[in-house]
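Q:
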Amino acid sequence: MGDAHGTPTTNDEDQARAAALRADAQQVTSAATSDALDAFDAVDVRSGTYKYVLINASAPGSAARKVLLRSGPGGYHVEVATPTVEALKSAGLLSEIPGGGRIARDDAAKTISIFGFSYGFGKGDHALAAELCRGAFPGYEVTWTDDGY
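As structure tokens, then:
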């Protein structure tokens, strides 16, 4: 399966990798303090149109939690999520990936559009993703829709 941008949408291997990453994200070998969350920017959205994921990061045994928004190149959402999940795990932090979609950042027009869903992780909370983008990109018009892929 492919999308309008020529990237794959999903396959059995993608589904298995997403499930494995979800399970692995809950396994840490060393506990971090809530201060470790501060090392991670809440938003990392590249210019262009990419897949995006929301990642809930937390310190084991702590109420401290931070929502991260990541976008970037990758044929599947799991490829966008993996580097951040691995970095969180290395820092002793837990993570959960509740969903994703597509995000289009146009720096010339100062717009960000959020839409679609992830086959591997489900539909992200586009309203939350938009809120995070508004905080990270003041002066940009940020919109979202549940339509489209």
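For what it's worth, numbering that gives the first Met the number 0 labels the leading residue of the sequence shown as 0, then goes sequentially. Backbone N, C-alpha and C define an ideal beta-carbon position, used for all residues, glycine too. Computed from a prediction, not measured in an experiment: that's the story for all the values here.
Classify Pro72 as helix, strand or coil using the three-state DSSP reduction.
A: It is coil, neither helix nor strand.
Q: I want to know whether the segment 54–61 touches the segment 119–135 - three or more CB-CB distances under 8 Å.
A: Taking 8 Å as the limit for Cβ pairs, the verdict is that the segment 119–135 does not touch the segment 54–61.
Q: When you compare only the Cα positions, how much space is there between Gly71 and Asp37?
A: Between Gly71 and Asp37, the C-alpha separation is close to 21 Å.
Q: Beta-carbon separation of Gly99 and Phe120 under 7 Å?
A: Yes, the pair counts as a contact, with Cβ atoms nearer than the cut-off.
Q: Helix, strand or coil: how does DSSP classify Lys88 here?
A: DSSP places Lys88 in helix when its eight states are reduced to three.
Q: If you follow the alpha helix (DSSP H) that Arg133 is in, where does it begin and where does it stop?
A: Note, Arg133: alpha helix (DSSP H), 125–135.
Q: Please classify Val77: does DSSP put it in a helix, a strand, or coil?
A: Reduced to three states, the DSSP call for Val77 is helix.
Q: Look up Arg16 in the DSSP assignment and say whether it is helix, strand or coil.
A: Looking at Arg16 - three-state DSSP - the assignment turns out to be helix.
Q: So if DSSP puts Asp43 in a beta bridge, which residue, or which two residues, is it bridged to?
A: BP columns for Asp43 point to Arg69.
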